[in-house]
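Quick note, the sequence shown lines up with residues 1 to 119 if you use full-length UniProt numbering.
We treat Cβ as the ideally placed atom computed from N, Cα and C, and that holds for glycine.
No experiment lies behind these values; they were computed from the predicted model shown.
Have a look at the structure below, then the notes.
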Amino acid sequence: MARICKDGFEKEFIKEQRDVYGIAYTQNMLSGRWKYLILWFLKTKERRYNEIKTFLWDISQGSLTKQLRELETDGLIKREVFPEVPPRVEYSLTTKGREFIPILDLMENFGKKFGEKPE
């Protein structure tokens with residue numbers, strides 16, 4: 001159904017299937033096991049790499065770096081490097097990333113309602 005080419009979605013698909021394109025676009029942009037949690041962790045303030053790594057204790061350094069780069073490429077987060085020695089790098093949500101937070105909140109509420117309950 002969703003026809004993805006090397007440059008993203010085929011123009012014909014975007015035009016003919018506009019309703020489902022929105023879902024496919026969002027899912028494609030956020031594919032990755034950790035992206036939702038990274039965005040959720042950044043929703044209140046900017047974070048440094050090690051803070052994110054500590055929060056996602058089970059993620060490898062390579063996977064975290066890849067997920068952060070993809071989120072940055074897709075315009076959901078920004079990476080700011082401060083000219084210090086040693087360099088300090090902070091990640092924060094962009095306007096586009098902040099627009100996604102209500103969806104994360106809905107996902108959180110859905111999981112609380114229908115997920116496993118603590119005993």
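Quick check: the Cα distance between Tyr49 and Leu64, rounded to an integer number of angstroms? Here residue 49 refers to the residue found at position 49 of the sequence shown. Here residue 64 refers to the residue found at position 64 of the sequence shown. Each residue's Cα considered, the two are about 9 Å apart.
Go ahead and pull the three-state DSSP assignment for Ser60. As a position in the sequence shown, residue 60 is number 60, starting the count at 1. Looking at Ser60 - three-state DSSP - the assignment turns out to be coil, as it is neither helix nor strand.
Taking the runs of the beta strand (DSSP E) that are 3 residues or longer, which of them lie wholly in the segment 39-116? 77-82 and 88-93
Is Ile52 buried or exposed, if buried means 16 or more other CB atoms sit within 10 Å of its CB? As a position in the sequence shown, residue 52 is number 52, starting the count at 1. By the 10 Å Cβ count, Ile52 comes out buried.
Touch test, the segment 53-63 against the segment 9-20, Cβ-Cβ under 8 Å, three pairs minimum: no
If you compare alpha carbons, which of Leu42, Gly115, Lys113 and Phe110 is closest to Leu94? Taking the sequence shown and counting its residues from 1, one reaches residue 94 at position 94. For the record, residue 94 in the displayed sequence is Thr; it is not Leu. Nearest of Leu42, Gly115, Lys113 and Phe110 to Thr94, Cα basis: Leu42.
Got a sec? Which residues, its chain only, sit under 6 Å from Glu80 by beta carbon, not counting five neighbours each side? If you number the sequence shown from 1, residue 80 lands on position 80. For Glu80, where only same-chain residues beyond five positions count, the Cβ hits under 6 Å are Glu90.
How would you label Gly111, buried or exposed, when you count the other beta carbons within 10 angstroms and need 16 or more for buried? Taking the sequence shown and counting its residues from 1, one reaches residue 111 at position 111. The residue in question, Gly111, is exposed, as its Cβ has fewer than 16 Cβ neighbours within 10 Å.
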